[in-house]
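Residue numbers (our numbering): 579 to 829.
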């Protein structure tokens, strides 16, 4: 089985940057947005609901649960990459239920890299993108996605699994990128790799994701790691600033 880690956290916080940078390491494969969490949860749930399912009544099938799920994950990644290290990119991994599922299957705690950013800056970043495409952020369902991700992350942060999370602050990522990358390699206990920050070639699947949301610039990545010039006071009212800033819980 390949070494497996996770990339999730909050949107508009640098996850596309990290995905692109870490993929420069030939020993690491960072997936585009991955369906594995959903695929694994659906299979895992079949056994969890098997008390009333006759197909799962035999001892042989019951005993197959963990080996089957491990093999499923192994085959999934073997068909994606030859790299010995995989970082699965999906915000669902910060969900407490998914963490507990991972622990049951693999007998160890997952290591989850979590880009985060002040909530008012995230809201302003979304508002700017939506305005550029003549849409309103504050009434869009993507706002609910942000709030759901934030709540999942907060729940895990306040649980016994807090040590599974390695927070990467957006400000640190753009102002002290090398030390942030060193911190990530220390967290996953892998040797540091000399990345070229001026070369940014994100996976083409991000363009497809952006087209799904009809926001062409959603995952735009420029060369170099440079802080966004979006000003919160240009896109958020004072009440919005107060509301979103109060939601930043990890400081």
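Built from N, CA and C at the ideal position, the CB exists for glycine as well. Keep in mind it's a predicted model, so treat the numbers as computed, not measured.
Would you report the Cα separation of residue 810 and residue 820, rounded to the nearest angstrom?
In this structure, the straight-line span from the alpha carbon of residue 810 to that of residue 820 is close to 11 Å.
Okay, do the region 655 to 675 and the region 715 to 722 touch, 3+ Cβ pairs below 8 Å being the bar?
The region 655 to 675, when compared against the region 715 to 722, does not touch it at the 8 Å Cβ threshold.
By Cβ distance below 8 Å, which residues in the same chain neighbour residue 700 in space, the five residues on each side in sequence not counted?
Excluding positions up to five away in sequence, the list reads 588, 589, 590, 591, 724, 822.
Pull up the distance between the alpha-carbon of residue 773 and that of residue 674, whole angstroms please.
The alpha-carbon of residue 773 is positioned some 32 Å away from that of residue 674.
Can you find at least 3 beta carbon pairs, one from the region 685 to 702 and one from the region 602 to 613, that sit closer than 8 Å?
As far as the Cβ criterion goes, the region 685 to 702 does not touch the region 602 to 613, which means the pair count is below three.
Out of curiosity, what's the CA-to-CA distance linking residue 712 and residue 706?
Distance between the alpha carbons of residue 712 and residue 706: 10 Å.
Bridge partners for residue 583 per DSSP, in chain order?
Beta-bridge pairing links residue 583 to 665.
Please tell me whether residue 745 and residue 694 are closer than 7 Å, where the distance is taken between their beta carbons.
Yes, these two residues count as a Cβ contact at 7 Å.
By DSSP's criteria, residue 766 is part of a beta bridge. Which residues make up the other side?
None; residue 766 has no bridge partner.
DSSP three-state call for residue 604: helix, strand or coil?
Three-state DSSP puts residue 604 in coil, outside helix and strand.
Can the beta-carbon of residue 665 be found closer than 7 Å to that of residue 608?
Closer than 7 Å, so yes.
Counted within 10 angstroms of its Cβ, other Cβ atoms place residue 640 as buried (16 or more) or exposed:
By the neighbour-count rule (16 or more Cβ atoms within 10 Å), residue 640 is not buried but exposed.
So, helix, strand or coil for residue 723, using DSSP?
Here residue 723 sits in helix by DSSP.
If you draw a straight line from the alpha carbon of residue 758 to that of residue 636, how long is it in whole angstroms?
Approximately 50 Å between the Cα atoms of the pair.
Can you tell me whether residue 620 is buried or exposed, with buried defined as 16 or more other CB within 10 angstroms of its CB?
Exposed.
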